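Colleague: I have a structure here, written as structure tokens, and I will follow up with some questions on it.
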Amino acid sequence: MPKVQNQDGLDIAYRVIGEGDQDVVFVHGWMVSGAVYNDLIPKLDKSAYRMIVVDLRGTGESSKDADSYKLSDYVEDVRTVADDAGADSFALVGHSMGGQIAQLFAATYPERVERMFLLSTVPASGMELPQEAYDLFYNSGQNRDSQGAILDMACLDLSQGSKSRLLDDAAKIPTACIQQALVSWTEGGFSDQLGDITATTLVVASDDPFLPQEFLQAAVADPIPNAEIAHIPGAGHYIQVERTDETAELLSSFLNG
Numbered sequence: 001m002p003k004v005q006n007q008d009g010l011d012i013a014y015r016v017i018g019e020g021d022q023d024v025v026f027v028h029g030w031m032v033s034g035a036v037y038n039d040l041i042p043k044l045d046k047s048a049y050r051m052i053v054v055d056l057r058g059t060g061e062s063s064k065d066a067d068s069y070k071l072s073d074y075v076e077d078v079r080t081v082a083d084d085a086g087a088d089s090f091a092l093v094g095h096s097m098g099g100q101i102a103q104l105f106a107a108t109y110p111e112r113v114e115r116m117f118l119l120s121t122v123p124a125s126g127m128e129l130p131q132e133a134y135d136l137f138y139n140s141g142q143n144r145d146s147q148g149a150i151l152d153m154a155c156l157d158l159s160q161g162s163k164s165r166l167l168d169d170a171a172k173i174p175t176a177c178i179q180q181a182l183v184s185w186t187e188g189g190f191s192d193q194l195g196d197i198t199a200t201t202l203v204v205a206s207d208d209p210f211l212p213q214e215f216l217q218a219a220v221a222d223p224i225p226n227a228e229i230a231h232i233p234g235a236g237h238y239i240q241v242e243r244t245d246e247t248a249e250l251l252s253s254f255l256n257g
């Protein structure tokens, strides 16, 4: 797995899969790494796409000793990887907090993002959680039981095998990353920049108990120019894991225009 040093001196790991002409950058969310796309990637056409899967700071094979986990830090992690991989313009896929990072990236570097595919994304405005849920999330670092409880709350059709893989991935993430990133994505704070996005955007909703379709329509799809919304039923928050085939079909169709 190649690694590139970012502006903070951290090693950011990423994978490149496929040899297609269309670059697609995948950005993961909170409490996971790029491994959250491991089921989805094999369902996509490696001859059509060059898929670049990022491990953001604090996750996966990337450095675990960052001082800061702000959304703007994550945007620069993604930019560093895209530059190193030679991806000048690309499609951007983001899940959950990764969808929020994708929105900020597309607003900051609009000339680089051609299309944007957002899975159960956190809005640019952030997201207020009930205090009990926030406390559970905040104190879940290095605690498999708490992180398992979070997955149980968020997902509707997650197999035990998939749950175990997600929890194994989460176990590698330091508590500081879990806590600081939670503060970052719940606060959001860049709604005023959404008008700068020029990418054709598809917001993908599910039956996610935290991020229902009506909420995503109003908070994400409506404020972004050239954005539409689609719905994949039966899945909770981890759409690409709970409904892999449907997600791959929708993403392929979207990338092909």
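Numbering (full-length UniProt numbering), first residue to last: 1 to 257.
Ideal placement from N, C-alpha and C gives every residue a C-beta, glycine not left out.
Here the structure is a predicted model, which means the values were calculated and not measured.
Between which residues of its own chain and Ile224 is the CB-CB distance below 6 Å, once the five residues before and five after are set aside?
Modeller: Numbered from its first residue, the sequence shown carries residue 224 at position 224. Correct list, in chain order: Leu194, Ile197, Thr201.
Colleague: Can you tell me the Cα-Cα spacing of Asp135 and Val183, whole angstroms?
Modeller: Position 135 of the sequence shown holds residue 135. Position 183 of the sequence shown holds residue 183. Whole-angstrom Cα-Cα distance: 11 Å.
Colleague: Pick out the complete alpha helix (DSSP H) segments inside the segment 165-235, 4 residues or longer, and give them in chain order.
Modeller: Whole alpha helix (DSSP H) segments, 4+ residues: 175-187, 213-216.
Colleague: If you reduce the DSSP assignment to three classes, tell me which class Tyr238 lands in.
Modeller: On the sequence shown, residue 238 is found 238 positions in, with the first residue counted as 1. Of the three classes helix, strand and coil, the one that applies to Tyr238 here is coil, per DSSP.
Colleague: DSSP three-state call for Gly34: helix, strand or coil?
Modeller: For the purposes of this step, residue 34 is taken as the residue at position 34 of the sequence shown. Three-state result, Gly34: helix.
Colleague: Using the Cα positions of Leu255 and Ala170, report the straight-line distance between them to the nearest angstrom.
Modeller: Against the sequence shown, residue 255 aligns to sequence position 255. Against the sequence shown, residue 170 aligns to sequence position 170. Whole-angstrom Cα-Cα distance: 29 Å.
Colleague: Considering just the uninterrupted stretch of the alpha helix (DSSP H) at Met147, what are its terminal residues?
Modeller: What you label residue 147 is simply residue 147 of the sequence shown in a count that begins at 1. The identity of residue 147 in the sequence shown is Gln, whereas the question assumes Met. Where Gln147 is concerned, the enclosing alpha helix (DSSP H) stretches over 144-154.
Colleague: From the DSSP output, read off the bridge partner residues of His95.
Modeller: Walking along the sequence shown from the start, residue 95 turns up at place 95. Paired residues: Leu119.
Colleague: Cutting at 7 Å between CB atoms, please list the residues of its own chain near Val78, excluding the five before and the five after it.
Modeller: Mapped onto the sequence shown, residue 78 falls at position 78. Excluding positions up to five away in sequence, the list reads Val25, Val27, Val54, Ile101, Phe105.
Colleague: Taking three-plus beta-carbon pairs below 8 Å as touching, is the segment 131-147 in contact with the segment 223-237?
Modeller: Touching, no, given that fewer than three Cβ pairs across the two stretches are closer than 8 Å.
Colleague: What does the Cβ neighbour count give for Met97, buried or exposed, with the cut at 16 atoms within 10 Å?
Modeller: By 1-based counting over the sequence shown, the position of residue 97 is 97. Under this definition Met97 is a buried residue.
Colleague: For Ala230, collect the residues of the same chain with a Cβ closer than 8 Å to its Cβ; drop the 5 residues on either side in sequence, then sort them by chain order.
Modeller: Numbered from 1 along the sequence shown, position 230 holds the residue referred to as residue 230. Only Leu202, Val203, Val204, Ala205, Leu250 meet the Cβ criterion.
Colleague: Could you name the residues that DSSP lists as bridge partners for Phe90?
Modeller: As a position in the sequence shown, residue 90 is number 90, starting the count at 1. Looking at the DSSP assignment, Phe90 forms a beta bridge with Val113.
Colleague: So which of Glu111, Asp21, Leu151 has the shortest CA-CA distance to Asp45?
Modeller: As a working note, residue 45 is residue 45 in the sequence shown. Ranking Glu111, Asp21, Leu151 by Cα distance to Asp45 puts Asp21 first.
Colleague: Leaving aside the five residues before and after Asp11 along the sequence, list all residues of the same chain whose C-beta is less than 7 Å from its C-beta, in chain order.
Modeller: Against the sequence shown, residue 11 aligns to sequence position 11. Answer for Asp11: Lys3, Gln5, Ser62, Ser63, listed in chain order.
Colleague: Could you give the residue range of the beta strand (DSSP E) that holds Asp23?
Modeller: For the purposes of this step, residue 23 is taken as the residue at position 23 of the sequence shown. Start and end: 22-27.
Colleague: Between the Cα of Phe117 and those of Pro212, Gly126, Phe90, Asp39, spot the shortest distance and give me the residue it belongs to.
Modeller: By 1-based counting over the sequence shown, the position of residue 117 is 117. Residue Phe90 is the option with its Cα nearest to Phe117.
Colleague: Which residue from Gln160, Thr186, Glu242 puts its Cα closest to that of Gln131?
Modeller: The count along the sequence shown starts at 1 and reaches residue 131 at position 131. Residue Thr186 is the option with its Cα nearest to Gln131.
Colleague: What are the boundary residues of the beta strand (DSSP E) that includes Asp11?
Modeller: Residue 11 sits at position 11 when you count from the first residue of the sequence shown. Note, Asp11: beta strand (DSSP E), 11-17.
Colleague: Ile17 and Ser120 - do their beta-carbons sit closer together than 7 Å?
Modeller: For the purposes of this step, residue 120 is taken as residue 120 along the sequence shown, with counting starting at 1. For the purposes of this step, residue 17 is taken as residue 17 along the sequence shown, with counting starting at 1. Not closer than 7 Å, so no.
Colleague: Along the alpha helix (DSSP H) that carries Arg79, what are the first and last residues, could you check?
Modeller: Translated into positions along the sequence shown, residue 79 becomes position 79. Looking at the DSSP string, the run of the alpha helix (DSSP H) that includes Arg79 is 71-85.
Colleague: By DSSP, does Gln5 sit in helix, in strand, or in coil?
Modeller: Along the sequence shown, read from residue 1 onward, the residue named residue 5 stands at position 5. Strand at Gln5.
Colleague: Considering only DSSP beta bridges, list what Met51 is partnered with.
Modeller: Locating residue 51 in the sequence shown gives position 51, counting from the first residue. DSSP output for Met51 lists Ile17, Val24 as bridge partner(s).
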